[in-house]
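In what follows, a single structure is set out as structure tokens and then discussed.
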Amino acid sequence: MDLLLTYDVDTTTPEGRRRLRKVAKLCEGHGLRVQKSVFEIVATDIDLLHLLDDIGKTIDTDTDSIRIYRLPHNGFNDVRTLGTARIQPHREDLVL
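When the count follows the numbering used here, it moves up by one through the sequence shown with no breaks and lands on 96 for the last residue.
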């Protein structure tokens, strides 16, 4: 299934910044980063259950938000982008 996953993790504390990094790493293991907090993921039902379980154990449900949209089959083939939209590099791939 094609999924669009977005997240908003509260980073006002050191713990929140750690959660943000962990959520990003989990998502990087399952899909492509297309914006800073947006991932395109192709997953099986089992993959999705594992990802949801891992993220659920990581986030603070009082301050963080995860949204997952299930797209139609091959939904990523019909994406329109404007501006600087492109796949975002992994943090360690960034050149400073």
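Note that beta-carbon positions come from the ideal geometry of N, C-alpha and C, so glycine has one too.
Own chain, CB closer than 6 Å to isoleucine 97, minus 5 neighbours either side, in chain order: Residue 97 lies beyond the residue range present for the chain, which begins at 1 and ends at 96; the question has no answer from this structure.
Buried versus exposed call for tyrosine 69 [16 or more other C-beta atoms within 10 Å across all chains shown]: exposed
Inter-stretch contact (C-beta, 8 Å, three-pair minimum) for the segment 20 to 29 and the segment 70 to 85: Segment contact: the segment 20 to 29 against the segment 70 to 85, fewer than three CB-CB distances shorter than 8 Å; contact not assigned.
Inter-residue Cα distance where the pair is isoleucine 99 and aspartate 64: Outside the displayed span of the chain (1 to 96) sits residue 99, for which this structure offers no information.
Cβ-Cβ separation, arginine 19 to isoleucine 59 (assumed contact under 8 Å), whole Å: 6 Å
Proximity to valine 79 [Cα-Cα], best of Asp8, Pro14, Val34, Val23: The candidate whose alpha carbon is nearest that of valine 79 is Val34.
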